[in-house]
Structure formats: structure tokens, C-alpha cells
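Step one of this worksheet: look at the structure below.
In the working numbering, the protein residues as written are 20 to 430.
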């Protein structure tokens, strides 16, 4: 039961938006339920973990409990920002703070608990259910997108459709290519499901390319190359067989698909790859991101060393740029804490990447975690805020906790 609560908490954004597609509810009334639901599941997860840690006498727990106290830093920085220069909109800033803390804290707590009590396998396996829910929603959204030319995804946007399609594609591709049964349910080993998984792969690819989302297309290609590379080292025959079968099959399927679908993919693909020109990358073809990036970088230059404050940055973005986020994790960090915070962040990011490689080498059967990691990182390069991305905090903290020697001793 608790695994179900954890996966819902981590994936609440994907589940909520997908269900709005499946059930057909997209009004403002439904959208207003999102924040309370996030808070509810975050509180349940955090409360369970806190109570378990207080009363459980399990001597085999790994790692330290200190990361449970990390979110207190968010409260500290929010108060400091408020004292130094009051927020221009207290209600909006408090709402942003509570939202960020909810996402980040639940991700940190679930990662720490999963590592300490070796719960990662059951949690990673649950992503298969998330993938199926998302794919059903994509399948329902495709006809409306093709025939009515309405590119949306429930309470989300075309970007949401692109990212979720690429994310579910990565999970599905891992399931197809991996021979590790520990991260699969029994029904995934049946012939019917294996056939359906190929059909779902076509649906997921279609979702990416009819959306016109640039970040989703980048994520799809990166997922493909990374999973081929990682899984080919352990199952080269299956990977090669898949490539030899699926690539020609993809060409045939889309060649003989409905004229409306082919036309939609062609027109939306022009937008998807519009930022790639003969002379390299053209940031003017990024839906106004270039303007926001340029203005934000100018702000960083004005206060290069210390930045403007961890939570003050959101207040500034809404007031000065009329957008809630800068939509790039590195510029966001620079705005928050200048060069000092950026260098600190890069140190932990490089350390995380090094540990991630070591983790995948130690546990190649758990390489599904790379799909979650890539989704968070690619998304944050172009959209959203890292403070309110639960997958980011979950993968970051879980991998940073990884200690090869400690893991071997606990086997």
C-alpha cells in the first residue's frame, strides 16, 4: 500500500493530467483540485516516513537520517528572503513556497526512505503502471489532435503531451529490452502484453511528433540512445533484434498511416526541429525562451556573486518577466544564488553524475532509474522549476545517498 502512495506522490502531475484526459474533465474546477491533492499525498508520504523512522527499530537501515532535515533549509531561505527584501506579493510567494517545499520534501523523503530500507525495486516497478496510464491518455488524445487540430493534453499543453509521451516511451522501451524480471509485473511477461507494448511504443512516438514539443523530441532521442547503450552491454542480442525489427516497422507503419496523421506529423515536426538550422542552433525559435533567457542573464550579471535569493527569484520572475519560471535550471540557480550557488550546484551535479554511472555499473538491472533522471533533467533544461520537480529531488537524493561499500555489506 505504501508503495502505491509513494508512486502517486512522485508522479502526481502525470497521473492527474492523464486522468483529466481519460475522464474528459478539463475545467477550472478540476484544475483547482491539483494543488490540494499534491499537498495531501505529500503530507501522507512524509508523515508515514517520519512515524516509521521514529518507531522502527530496524538495525539494517542504511545511510543517514540527516537528509530528512534538509528541507528545513527551504524554510530558512524563505524567511531570510522575506526579512532582507519583502516579497512584492506575499500571498503568491507563500503559495509558491508551499508548493516548492511540498514537491521537494516529498521527493527527498521518499528517496531517503527507499535507499535506507531497500525499497527501490518495488518503486521503480510501479513506473510501469504510470506508463500505461499515460499511454492510454495519449491514445485518447491523438484522434482529437489529428482531426480537430487541438494540440493539448487534458489540463496540460502540447509540451505536456510531448514530455509525457517521451517519458512513457522510455519506461516502455526499458521494459521491452530489459531481461530483469524484478522490475516487471507478471502480466508484462505474457505474449499479449509484449505485443501491446510494441503498439504502445508507436502511440508514444506519435504523441511526441504530433505535439510539436521540442523538449519531448530531445528526450525521446536521448532515451533511445542511452537505453540502447546501457542495455546492449547486458543483452546485445535483444537490442540488435529490436533495432532490426522496429526501425523498418516504424517506417512502414507511418508510411501507410492515415493521410491526416502523416500531414500532422510533418507539419508539427517542422516546429519540433525549427531551432536547428544550417548555421546551428537558433534560439529565436524556442517560443520566446531566448528573450527570457537573455533578460534573466542580464539580471544575473547585475548581482553576479550572490544572486537574489532562493525563493525571491520566483517573485522577481512574475513581477519583472510576467512568467513564473526562467525555464532553465542553470539560469534559475544563478538567479537564486549567483556564482556561489551555481558552483555549489555544479559540484553536486557532477558528483551525482559520477555516482549515477557507478550505480548503473553496480546495479545494471535497475537502469530504469535513468529514464526518470533523464526526464527530470531534460524537462528542467527547457521548462518548469527544479524546486517543484519531485522526480529531480528523488533521483538526485537517492543517487547521492548511494554508497557501494555499504550496499555490499547489506546484501
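C-beta atoms are modelled at their ideal positions from N, C-alpha and C, and glycine is treated no differently. Computed from a prediction, not measured in an experiment: that's the story for all the values here.
Can you give me the C-alpha to C-alpha distance between residue 85 and residue 62, rounded to a whole angstrom? One-based indexing of the chain shown puts residue 85 at position 66. One-based indexing of the chain shown puts residue 62 at position 43. Cα atoms of residue 85 and residue 62: separation of roughly 19 Å, rounded to the nearest angstrom.
Whose CA, out of 82, 66 and 98, lies closest to the CA of residue 125? Reading the chain shown from its first residue, position 106 is the one you call residue 125. Residue 125 has its Cα closest to that of 66, out of 82, 66 and 98.
What did DSSP end up calling residue 189 once you bin it into helix, strand or coil? Counted from its first residue, the chain shown places residue 189 at position 170. Residue 189 sits in a helix when the DSSP states are folded into three classes.
Report the start-end ranges of each alpha helix (DSSP H) in the stretch 28-87 that is 4 residues or longer and not cut off at the edges. Counting whole runs of 4 or more residues, the stretch 28-87 contains the alpha helix (DSSP H) stretches 31-42, 47-50 and 53-74.
For the structure I just gave you, are there three or more beta carbon pairs, one from the stretch 402-422 and one from the stretch 327-345, closer than 8 Å? The answer is yes - the stretch 327-345 touches the stretch 402-422, with three or more Cβ pairs under 8 Å.
Can you have a look at residue 109 and say buried or exposed, based on whether 16 or more other CB atoms are within 10 angstroms of its CB? In the chain shown, residue 109 corresponds to position 90, counting from 1. By the C-beta density criterion, residue 109 is exposed, having fewer than 16 other C-beta atoms within 10 angstroms.
Straight-line gap, residue 200 to residue 236 (C-alpha atoms, nearest Å): As a position in the chain shown, residue 200 is number 181, starting the count at 1. As a position in the chain shown, residue 236 is number 217, starting the count at 1. C-alpha of residue 200 to C-alpha of residue 236: approximately 29 Å in a straight line.
Length at least 4, wholly inside the stretch 111-169: the alpha helix (DSSP H) runs in chain order: Taking only runs of at least 4 residues, the alpha helix (DSSP H) segments lying wholly in the stretch 111-169 are 139-167.
Which partner residues of residue 403 appear in the DSSP bridge assignment? Taking the first residue of the chain shown as position 1, residue 403 is located at position 384. Partner(s): none; residue 403 has no beta bridge.
In DSSP terms, what residue 172 is bridged to: Position 153 of the chain shown, counted from the start, is the residue given in the question as residue 172. Answer is 175.
Would residue 173 and residue 185 be called neighbours here (beta carbons separated by less than 8 Å)? Start at 1 with the first residue of the chain shown, and residue 173 comes out as number 154. Start at 1 with the first residue of the chain shown, and residue 185 comes out as number 166. No; because the gap between Cβ atoms is not below 8 Å, this pair is not in contact.
Might you give, ordered along the chain, the residues of its own chain that have their beta carbon closer than 6 Å to the beta carbon of residue 238, omitting 5 neighbours on each side? On the chain shown, residue 238 is found 219 positions in, with the first residue counted as 1. Result list for residue 238: 185 and 397, in chain order.
Residue 196 and residue 387: beta carbons closer than 8 Å? Translated into positions along the chain shown, residue 196 becomes position 177. Translated into positions along the chain shown, residue 387 becomes position 368. It is not a contact, given that the beta carbons lie outside the stated cut-off.
Exposed or buried, which one is residue 112 when buried takes at least 16 other CB atoms within 10 Å? Position 93 of the chain shown, counting from 1, holds the residue named residue 112. Counting C-beta atoms within 10 angstroms of its own C-beta, residue 112 has 16 or more neighbours from the protein chains shown and is therefore classed as buried.
If you compare alpha carbons, which of 73, 413 and 71 is closest to residue 127? What you label residue 127 is simply residue 108 of the chain shown in a count that begins at 1. Distances from the alpha-carbon of residue 127 to those of 73, 413 and 71 put 413 closest.
Using three-state DSSP, classify residue 95 as helix, strand or coil. Taking the first residue of the chain shown as 1, we reach residue 95 at position 76. Reduced to three states, the DSSP call for residue 95 is helix.
Report the option in 64, 60, 188 and 349 whose CA atom is closest to the CA atom of residue 87. Residue mapping note: residue 87 aligns to position 68 of the chain shown, counting from 1. Each of 64, 60, 188 and 349 was checked against the Cα of residue 87, and the nearest Cα belongs to 64.
Taking C-beta to C-beta, are residue 316 and residue 359 nearer than 8 Å? Taking the first residue of the chain shown as 1, we reach residue 316 at position 297. Taking the first residue of the chain shown as 1, we reach residue 359 at position 340. Not in contact: residue 316 and residue 359 (Cβ atoms no closer than 8 Å).
By the 10 Å Cβ neighbour count, where 16 or more other Cβ atoms means buried, how is residue 90 classified, buried or exposed? Translated into the one-based positions of the chain shown, residue 90 becomes position 71. Here residue 90 is buried, its C-beta having at least 16 other C-beta atoms within 10 Å.
Drop a sphere of 10 angstroms on the beta-carbon of residue 373, count the other beta-carbons inside from all chains shown, and report buried for 16 or more, exposed for fewer. Taking the chain shown and counting its residues from 1, the one referred to as residue 373 is at position 354. It is exposed - the Cβ of residue 373 has fewer than 16 other Cβ atoms within 10 Å.
For the 8 Å Cβ check, are there 3 or more pairs between the stretch 52-61 and the stretch 146-162? By the Cβ rule, the stretch 52-61 does not count as touching the stretch 146-162, because fewer than three pairs are nearer than 8 Å.
Could you pull out every residue in the same chain whose Cβ sits closer than 8 Å to the Cβ of residue 154, ignoring the five residues on either side in sequence? Along the chain shown, one-based indexing puts residue 154 at 135. For residue 154, where only same-chain residues beyond five positions count, the Cβ hits under 8 Å are 187, 191, 219, 222 and 223.
Among 131, 103 and 363, which has the Cα closest to the Cα of residue 328? Numbered from its first residue, the chain shown carries residue 328 at position 309. Distance check between residue 328 and each of 131, 103 and 363 places 103 closest, using alpha-carbon atoms only.
Any idea if residue 325 is buried or exposed, counting beta-carbon neighbours within 10 angstroms, 16 or more meaning buried? Counted from its first residue, the chain shown places residue 325 at position 306. Residue 325 comes out exposed.
Roughly how many angstroms separate the alpha carbons of residue 342 and residue 312, rounded to a whole number? Start at 1 with the first residue of the chain shown, and residue 342 comes out as number 323. Start at 1 with the first residue of the chain shown, and residue 312 comes out as number 293. Here the alpha carbon of residue 342 sits roughly 12 Å from the alpha carbon of residue 312.
Kindly indicate which residue of 83, 72 and 116 has the alpha-carbon position closest to the one of residue 93. Working through the chain shown from its first residue, we reach residue 93 at position 74. Put simply, of 83, 72 and 116 the residue whose alpha carbon is nearest the alpha carbon of residue 93 is 116.
Pair within 8 Å by beta-carbon distance, residue 41 and residue 34: What you label residue 41 is simply residue 22 of the chain shown in a count that begins at 1. What you label residue 34 is simply residue 15 of the chain shown in a count that begins at 1. No, the pair does not count as a contact, with Cβ atoms beyond the cut-off.
Which residues mark the beginning and the end of the alpha helix (DSSP H) in which residue 2 is found? In this structure the chain extends from 20 to 430, so residue 2 is not present and cannot be described.
Which term fits residue 205, buried or exposed, when burial requires 16 or more other beta carbons within 10 angstroms of its beta carbon? The sequence position of residue 205 within the chain shown is 186, counting from 1. It counts as exposed.
Just curious, the alpha helix (DSSP H) that residue 310 is in, first and last residue? What you label residue 310 is simply residue 291 of the chain shown in a count that begins at 1. First-last of the alpha helix (DSSP H) with residue 310: 308-321.
By DSSP, does residue 383 sit in helix, in strand, or in coil? Indexing the chain shown from 1 puts residue 383 at position 364. Helix, per DSSP.
Among 417, 21, 264 and 141, which one has its Cα closest to the Cα of residue 203? Taking the chain shown and counting its residues from 1, one reaches residue 203 at position 184. By alpha-carbon distance to residue 203, the top candidate from 417, 21, 264 and 141 is 141.
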